[in-house]
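In case it helps, our numbering puts the sequence shown at residues 58 to 669. We treat Cβ as the ideally placed atom computed from N, Cα and C, and that holds for glycine. Treat the numbers as computed from the prediction; the structure is a model and nothing was measured. Take a look at the structure set out below.
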Amino acid sequence: MLSILYRTSNNSYLENIDIYKINKISLTKVFINGDWIGYTENKNELIYTMKDLINQCIIHPHISVSYSIIDNSVYIFSDRGRCIRPLFNNNIHNTNSNDIKNKSWSDLLVMDNSFIEYIDVHEVENTLIGNHYSLTDKKYTHYEINPSLILGAIANTIPFLNHNQAPRNTYQSAMGKQAVGVHCTNFNQRFDTFSHILHYSQKPLINTKMMKYLNFNSLPNGNNVIVAIATYSGYNQEDSVIINQSAIDRGLFSSTFYRTYKDEEQKNQLTGDEDKFCKPDKDKLLYPKPSNYEKLSPNGLVEENTYISPNDIIIGKVIPIKNKEYNYRDCSTTPRANEYGIIDKNYVDINSDGYRFCNTRIRQIKIPQIGDKFSSRHGQKGTVGMTYRQEDMPRTKDGIVPDIIMNPHAVPSRMTIAQLLECILGKTCSELGFQGDGTGFNNTDVNDIIHSLESCGYEGMGNEVLYNGFTGDQLKTSIFIGPTYYQRLKHMSADKVHSRASGPIVSMTRQPAEGRMAHGGLRFGEMERDCMIAHGAASFLKERLMDVSDKYSVYICNECNMISTGNHKENIYECKKCNNYGDFTKIYIPYACKLLIQELMTMSIGPRILTN
């Protein structure tokens, strides 16, 4: 790179830095891959010469040349690991757009005037990039080949995303990864740790151009459902939705959940004993698990297509021990808490050490219920607040019953106009029998969609008269209704149900453990505390925060008011601070409070507790 630079410059505007001179401070510094290699008086000539060499492909097109105004330096980069992307440069004005479409990518790279130019993050600082190229607008230095290329894969599956508020597109980019679909074609042969498979996934009515290249329609992750935006009975407040129970009974959004449990035989390096898969004999086990071993076959596995409850053993394994009464220690596998289902498949093989290992896969059908999470492709997420039978749902004059009713208050503040456009275009597509194009930044004329819908005999804005399913009366206002692509997300209420009466505690604070997997307690935070105070429920507050958590008794010295040592059974008491042996008061405080007091004492701070 350095030799090319000197050869092309003829040393006319690039000076070496062998000798540092004070008069060079005002000159422009030149860096190659971070190394300072010289000065130049003609920075523009240097940059234009390098750009010309890049445009003619004399040097590699991925090399970048940029100028930093802040430190008056020219930076040239040719190293690996830089993020680069192609753009149309401003010479597009001299090129016929029809000729562009007929040329290959390689032809575009070597065209006169360098039609395609690769830029990196350093060069972006010196460019003004337009979304759509124009033969008349010359204020931009570069143009996007397609505006969709500034987005990621999931964002490019959002129809009309340029009509959405930006955070909604960000939310969908995250929730699209959580949508239940068909993630691969051989899911029934794989032993993934867990996976969700949607039974009746559909390709959406409204597609984007990028979905074709991603093969999204081959493995979709949602359903086209009829969505009404209305308040109906009040059970779809605060981001909840009402779903048609009859549609659920017909299989809408039903899915299968797979969970794989793995175990292997091992050799104890100390004793030389080897684990083995078998159906354990409880009489020979040291500390057998309080679970059901009856469904195990002699090889230690449960037969396929056998129903399993959370209390059943699914993989039987024992470890030999040297004990006079018992021969084995139980090391069997049980399902996770609240997980049940049917044994779908067992796989047994031998690992590289010559020991057997097994994979057992459980399947469970997940039917939508209250509390499950759903979302459109526009970040309009919501949980199921109520399910109604079809006869109780509102209907149109044609007998169309919505599958989902979402709350209209979710639209104005979030400004997800793209969902409304998807709905009315989907309504037109379902009537005319074609798939719509919702690619972002395509300058789609909304009036064209409205006129198409009106030509099908509908109101142009997508509103219809609905009739109450409970009373049969006509609703007082027209309702926006039409097909929208909805996703079922992996967050399901049955997987999050948790309660606790008693259980493990943390040894340091003596408070309940944290987390569902640890069978921990429910969090009672600051806002819950404030609510109890506002209600005046002092006894309940004391019960939650101390009595059923970490209640602890301490003895307080009545002379110095410090925590003392006491043994109630032996009637022995002592205050090591003031040598008091007889005047004490027993009180109850949270153990965490006692721990805090002792922590403060290590900092030479002596908290005192005054008693009555």
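Exercise for the section: Could you check what DSSP says for residue 518 in three-state terms: helix, strand or coil? Expected result: coil
Practice task
Under 6 Å Cβ to Cβ from residue 355, same chain only, skipping five residues before and after it: list those, please.
Solution key: 336
Problem - For residue 441 and residue 428, the rounded distance between their alpha carbons - result: 5 Å
Exercise for the section: Output the boundary residues of the alpha helix (DSSP H) element that contains residue 46. Expected result: One cannot answer for residue 46 here, as it falls past the ends of the chain, which runs 58 to 669.
Exercise for the section: Could you tell me if residue 229 is buried or exposed, where buried requires 16 or more neighbouring beta carbons within 10 angstroms of its beta carbon? Expected result: buried
Handout entry: Backbone CA spacing between residue 384 and residue 350 [nearest angstrom]
Key = 17 Å
Problem - Distance between residue 231 and residue 421 (C-alpha atoms, nearest Å) - result: 25 Å
Practice task
State the DSSP-derived secondary structure class of residue 657, mapped to helix, strand or coil.
Solution key: helix
Problem - Beta-carbon spacing of residue 462, residue 298 below 8 Å - result: yes
Handout entry: Run of the beta strand (DSSP E) containing residue 386, from where it starts to where it stops
Key = 385-387
Handout entry: Span separating the alpha-carbon of residue 306 from that of residue 552
Key = 21 Å
Practice task
Return yes when the Cβ of residue 212 is within less than 8 Å of the Cβ of residue 221, no when it is not.
Solution key: no
Practice task
Note down the Cα distance separating residue 68 from residue 209, rounded to an integer number of angstroms.
Solution key: With a pLDDT of only 49 at residue 68, under 50, the local geometry of the prediction cannot be trusted, and the value read off the model is given with reservation. For residue 68 and residue 209, the distance between alpha carbons rounds to 44 Å.
Handout entry: Helix, strand or coil at residue 583 according to DSSP, with G and I counted as helix
Key = helix
Handout entry: Through-space distance from residue 477 to residue 267, alpha-carbon basis
Key = 21 Å
Exercise for the section: In the DSSP assignment, find the unbroken beta strand (DSSP E) run with residue 709 in it and report its ends. Expected result: Residue 709 is absent from the model: the chain starts at 58 and stops at 669.
Practice task
Would you kindly work out how many angstroms separate the C-alpha atoms of residue 541 and residue 514, rounded to a whole number?
Solution key: 19 Å
Practice task
Provide the residue span of the alpha helix (DSSP H) that contains residue 196, from first to last.
Solution key: Looking at the DSSP string, residue 196 is not in any alpha helix (DSSP H), and its letter there is neither H nor E.
Problem - Endpoints, alpha helix (DSSP H) assigned at residue 253 - result: No alpha helix (DSSP H) holds residue 253; the beta strand (DSSP E) holding it covers 251-255.
Problem - Proximity of residue 134 and residue 90 at Cβ, strictly below 8 Å - result: yes
Exercise for the section: Assuming residue 417 and residue 371 form a contact by the criterion Cβ under 8 Å, report the distance between their Cβ atoms to the nearest whole angstrom. Expected result: 5 Å
Practice task
Rank 395, 615, 160 and 262 by C-alpha distance to the C-alpha of residue 635 and give the top, closest one.
Solution key: 615
Exercise for the section: Using alpha carbons as the reference points, say which of 424, 361, 367 and 472 lies closest to residue 347. Expected result: 367
Problem - Range of the contiguous alpha helix (DSSP H) that encloses residue 511 - result: 503-512
Exercise for the section: Report the partner residues of residue 639 according to the DSSP bridge assignment. Expected result: Note: residue 639 sits in no beta bridge, so no partner.
Handout entry: Paired residues, beta bridge with residue 542 - DSSP
Key = 281
Exercise for the section: Please classify residue 282: is it buried, with 16 or more other beta-carbons within 10 angstroms of its beta-carbon, or exposed? Expected result: buried
Exercise for the section: May I ask you to report which of helix, strand or coil DSSP gives residue 634? Expected result: coil
Handout entry: Of the listed residues 177, 203 and 492, nearest to residue 191 (C-alpha basis)
Key = 203
Exercise for the section: Take residue 525 and list the residues in its own chain whose beta-carbon comes closer than 8 Å to its own, dropping the five residues that flank it on each side. Expected result: 451, 531 and 532
Exercise for the section: Along the alpha helix (DSSP H) that carries residue 106, what are the first and last residues, could you check? Expected result: 100-112
Problem - Distance, residue 458 Cα to residue 447 Cα - result: 7 Å
Exercise for the section: Pull up the distance between the alpha-carbon of residue 455 and that of residue 175, whole angstroms please. Expected result: 55 Å
Handout entry: Distance, residue 464 Cα to residue 293 Cα
Key = 6 Å
Handout entry: Simplified DSSP state of residue 310, which is helix, strand or coil
Key = coil
Handout entry: Residues near residue 414 by beta carbon distance below 8 Å, same chain, minus five either side
Key = 319, 320, 321, 322, 405, 406, 407 and 408
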